[in-house]
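Residue 7 in UniProt numbering sits at position 7 of the sequence shown, with consecutive numbering throughout. Beta carbons: idealized from backbone N, C-alpha and C, even for Gly. Please read all numbers here as calculations on a predicted model, not as lab measurements. Worksheet for the structure shown next.
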Amino acid sequence: MKQRWKSICLIRRAMSKMSVESLFSKWVVDIPGLQLIMAILPERDKQIYPEIKRVGDNVIGIPTQCVQSKHVNRTNPQVCANIALKINSKLGGINHVIDPGVKSPVFREPVIIFGADVTHPSPTENGIPSIAAVVASMDANATKYCARVRAQNHKSVFYSSLNV
């Protein structure tokens with residue numbers, strides 16, 4: 001039986017920030033089980049792109065994939081492959097696995113790989129928080145990760161309240 005993916009292709013030339021949130025919220029109600037929203041943008045857009053990502057990630061919790069229309073109109077196999085890899089990863093797929101023959105001996109036993117970083121605003125940006133993030137591997141191949149990101153006090157280097 002053929003699987004019907006619940007995804008939507010969005011093509012709009014002039015969407016406001018408000019219309020992105022209201023449109024995506026409507027889709028969540030109208031399309032139960034929505035898995036991905038694909039936005040085809042006319043060009044690089046420094047206003048609508050971050051809004052699409054914010055609403056998808058933070059408001060409705062559905063992954064988004066943005067593509068410039070020029071890449072859709074010229075179906076370059078490499079571009080299509082790169083987009084497919086991104087979508088597969090966003091939908092929980094695995095794109096690459098380390099060959100067992102070259103895997104580090106550390107993987108012979110169950111292991112979790114952690115990564116952490118804090119990014120700080122420039123010295124002149126007072127009152128802007130630092131952003132702390134921690135990731136941890138969730139599978140034996142270290143291909144799936146859980147992440148926690150939090151804002152914290154300006155210039156703080158401690159990972160506070162990440163609830164890991």
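Closest residue to I37 among R74, N88, K46 (Cα-Cα distance): Among R74, N88, K46, the Cα nearest to that of I37 belongs to N88.
Can you tell me which of P63, E43, L41, Q47 puts its alpha carbon nearest to the alpha carbon of G33? Of the candidates P63, E43, L41, Q47, the one whose C-alpha sits nearest the C-alpha of G33 is P63.
Under three-state DSSP, which class holds A84? In the structure shown, the three-state DSSP call for A84 is helix.
Taking 9 Å as the cut-off, decide whether the C-beta atoms of P110 and P121 are in contact. For P110 and P121, no; Cβs fall outside 9 Å.
Which parts of the UniProt domain "Piwi" (36 to 141) are runs of the alpha helix (DSSP H), unbroken and 4 residues or longer, counting only runs that do not cross its ends? Listed in chain order, the complete alpha helix (DSSP H) runs (minimum 4 residues) inside the UniProt domain "Piwi" (36 to 141) are 48 to 54, 69 to 73, 77 to 90.
Buried or exposed for C146, going by 16 or more other Cβ atoms inside 10 Å? With fewer than 16 other Cβ atoms within 10 Å, it is exposed.
Please identify the residue among E21, N82, F107, R150 whose C-alpha is closest to the C-alpha of V59. If we check each option's Cα against that of V59, E21 comes out closest.
State the Cα-Cα distance for the pair G101 and A140, rounded to the nearest angstrom. Between the C-alpha atoms of G101 and A140 there is a straight-line separation of about 15 Å.
Whole angstroms is fine: what's the gap from A116's alpha carbon to K103's? Roughly 23 Å separates the two Cα atoms.
Would you call A132 buried or exposed, if buried means 16 or more other Cβ atoms sit within 10 Å of its Cβ? So A132 ends up on the buried side.
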